[in-house]
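Taking numbering that gives the first Met the number 0, the leading residue of the sequence shown gets 0, the next gets one more, and so forth.
For every residue, glycine included, the Cβ atom is placed at its ideal position computed from N, Cα and C.
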Amino acid sequence: MSELILAGTLLYGEDLEVLNDSYIVVDEGNIKEVGSGAMGLDAALEGIVIPGFVNAHTHIGDSSAKDLEYLPLDDIVKPPHGIKHRILAELDLDALVSSMRESISQMIGCGTVLFSDFREGGISGAEALRGALYGLNIGCKVFGRDEVSPEIMDGIGISGASDMDYKTLLNLKANAKNCDMPLAIHAGEKDASDIDLALELSPDLLIHMVHARDSDIKRMAVCEIPLVICIRSNLVTGVGLPPLSDMLDAGIVIGIGTDNVMLNSPDILTEIEFVSKLYRLDDGVVLKMATINGRRILDDATYSGIVEGSVADICVVSHKSSNMRGFKDPIRSIVRRATSADIIAYIRRGEVEIFK
């Protein structure tokens with residue numbers, strides 16, 4: 000489909016401005032035109048047209064071991080003896096790839112156009128993820144560990160500064176710099192003990208920061224280090240919740256991730272509902288974290304959402320479903336109540352998948 004017209008309510012630009020009775024024209028994978036007055040147009044789809052979601056932090060390798068009993072964080076994920084790592088060591092390749100592919104397909108069904116995954120297992124682990132992605136129309140940033148291969152990895156993802164010796168951390172930082180790859184690291188998840196060391200690495204991205212102190216927040220803001228929060232994961236592991244309002248007030252760019260599939264579904268819509276209702280933030284801020292910000296953190300620092308000339312990575316939400324019918328504010332209703340059942344179409348690089 001070389002040219003496609005989408006009509007209805009648009010969330011335009013980086014501020015997600017609500018434009019009613021409007022349309023966009025998608026041509027050759029890019030947004031060619033944005034206009035008002037959609038009546039009479041031969042639109043292929045009508046609904047609430049929004050930037051595609053970005054799930055900015057996942058671990059889909061544990062998709063075959065869902066919903067363990069509630070346990071302390073270290074018992075679940077700390078390498079090498081956490082339950083997760085024992086399960087992965089026993090899992091055969093076909094089962095691993097198949098389970099990851101199911102989780103990726105679920106993300107697509109939620110309108111996710113891009114995700115980032117911390118992939119265990121070195122080069123073979125990254126290759127398994129690439130295999131799971133084969134033929135699926137979704138972007139993925141693979142953050143590998145243990146081994147570094149720019150050919151199949153997009154970055155280096157460190158489980159935590161306290162999980163390895165300082166020399167190994169410095170080597171990983173040097174490898175990231177030499178390969179021109181971003182360095183991401185979990186920090187401040189269980190407590191604050193690993194935050195200083197993580198910040199000393201000058202990472203390109205931090206994950207969690209549940210126990211960030213005021214000084215840490217200031218340092219992140221000054222150094223312009225973005226953050227991905229994973230609220231449902233933090234609830235399941237019982238580690239607490241990050242001081243999100245303080246981080247936003249400091250100007251930190253924040254994205255949203257669903258973290259381990261063994262703990263929660265990779266459903267970004269459920270994640271943003273939790274963020275909104277736990278923190279009672281402006282819903283536009285929450286939606287921007289899960290769309291514009293995630294893309295800026297992982298892929299394109301200049302991304303501004305649905306604007307002329309931008310890449311056509313788009314999600315269309317129904318305005319007629321029983322769940323969404325009667326909405327007063329499209330942003331508020333998408334954030335607080337939309338589910339995958341309300342996603343009627345998914346467009347990435349101009350390729351269209353219609354769900355309803």
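On the criterion of 16 or more Cβ atoms from any shown chain inside 10 Å, does residue i qualify as buried, or is it exposed?
i: TYR22; result: buried
i: ALA300; result: exposed
i: TYR69; result: exposed
i: ASN177; result: exposed
i: ALA88; result: exposed
i: ILE353; result: exposed
i: SER309; result: buried
i: SER158; result: buried
i: THR290; result: buried
i: PRO71; result: exposed
i: LYS140; result: buried
i: LEU169; result: exposed
i: SER264; result: buried
i: GLY36; result: exposed
i: LEU44; result: buried
Mind reading off the beta-carbon distance from residue i to residue j? Whole number of angstroms is fine, and I expect it under 8 Å.
i: GLY46; j: VAL316; result: 6 Å
i: ARG118; j: LEU128; result: 5 Å
i: ASP213; j: PRO181; result: In fact, because the Cβ distance is near 26 Å, the residues do not count as touching under 8 Å.
i: ILE305; j: VAL48; result: 7 Å
i: GLY108; j: SER321; result: Contact doesn't hold; Cβ gap of about 18 Å is too wide.
i: LYS287; j: LEU15; result: 6 Å
i: SER303; j: GLY12; result: 6 Å
i: ALA6; j: ALA42; result: 4 Å
i: PRO241; j: ALA197; result: The pair is not a contact, with the Cβ atoms about 14 Å apart (cut-off 8 Å).
Going by DSSP, what residues sit across from residue i in a beta bridge?
i: ILE184; result: ILE157 and LEU205
i: PHE117; result: PHE142
i: TYR345; result: CYS314 and GLU352
i: ILE333; result: The partner list for ILE333 (beta bridge, DSSP) is empty, contrary to what the question assumes.
i: GLU27; result: Answer is none; GLU27 lacks a bridge partner.
i: ALA6; result: TYR22 and GLU45
i: GLU16; result: TYR11
i: GLY308; result: In DSSP, GLY308 forms no bridge with anything.
i: GLU270; result: According to DSSP, GLU270 bridges with nothing at all.
i: GLU199; result: According to DSSP, which records beta bridges pairwise, GLU199 is partnered with nothing at all.
i: PHE326; result: Beta-bridge pairing links PHE326 to no other residue.
i: GLY36; result: Answer is none; GLY36 lacks a bridge partner.
i: GLY254; result: VAL227
i: PRO50; result: ILE313
For residue i, tell me which candidate among the options has the shortest Cα-Cα distance.
i: ALA220; options: ASP245, LEU135, ASP73 and GLY36; result: ASP245
i: LEU205; options: ASN322, ALA55 and ILE49; result: ALA55
i: VAL260; options: GLU101, ASP93, ALA183 and PRO181; result: GLU101
i: GLY124; options: GLY134, GLY110, ARG347 and MET99; result: MET99
i: ASP20; options: ASP26, LEU40, LEU3 and GLU2; result: LEU40
i: PHE114; options: GLU223, LEU168 and VAL53; result: VAL53
i: VAL252; options: GLY237, PRO50, ALA340 and LYS217; result: LYS217
i: LYS276; options: THR290, ALA249 and LEU243; result: LEU243
i: GLY121; options: VAL141, ILE103, ASP145 and ASP91; result: ASP145
i: ILE155; options: HIS185, SER104 and ARG331; result: HIS185
i: CYS314; options: ALA289, LYS327, GLY325 and TYR345; result: TYR345
i: SER161; options: HIS84, LEU200 and GLU150; result: LEU200
i: LEU90; options: SER104, ILE75 and SER62; result: SER62
i: GLU223; options: LEU169, ASN233 and GLY250; result: GLY250
i: LEU262; options: PRO50, ASP74, LEU44 and THR8; result: ASP74
i: ASP215; options: ASN233, SER232, ARG231 and ASP193; result: ASP193
i: GLY256; options: SER35, PRO50, ALA37 and THR57; result: THR57
i: MET152; options: LEU18, LEU9, GLY134 and GLU126; result: GLU126
i: ASP258; options: VAL284, GLY239, VAL285 and VAL227; result: VAL227
i: ARG324; options: ASP341, LYS83 and ASP312; result: ASP341
i: PRO225; options: HIS210, GLY254 and ALA197; result: GLY254
i: TYR165; options: ASP195, GLU2, ASP179 and SER148; result: ASP195
i: HIS360; options: GLN105, GLY60, ILE343 and PHE142; result: Any question about residue 360 goes unanswered here, given that the chain covers just 0 to 355.
Let me check you understand the geometry: is the CB of residue i closer than 6 Å to at least one non-hydrogen atom of the ligand SAH?
i: LEU169; result: With respect to the ligand SAH, the structure offers nothing, as it holds no ligand at all.
Worksheet item: Per the contact definition of three or more C-beta pairs closer than 8 Å, is the stretch 265–284 in contact with the stretch 19–35?
Response: Cβ pair count under 8 Å is below three, so no.
Worksheet item: On the three-pair Cβ rule with 8 Å, is the stretch 167–175 touching the stretch 186–193?
Response: Three or more beta-carbon pairs separated by less than 8 Å are not found between the stretch 167–175 and the stretch 186–193, which leaves the two stretches without contact.
Worksheet entry | Stretch pair the stretch 272–281 + the stretch 332–341: three plus CB contacts closer than 8 Å | Verdict: yes, contact present.
Worksheet item: Can at least three beta-carbon pairs, one atom from the stretch 69–82 and one from the stretch 279–299, be found at a separation below 8 Å?
Response: Cβ pair count under 8 Å is below three, so no.
Worksheet item: Counting Cβ pairs closer than 8 Å, one from the stretch 289–303 and one from the stretch 83–99, do we hit at least three?
Response: In short, these stretches do not touch, since the Cβ pair count stays below three.
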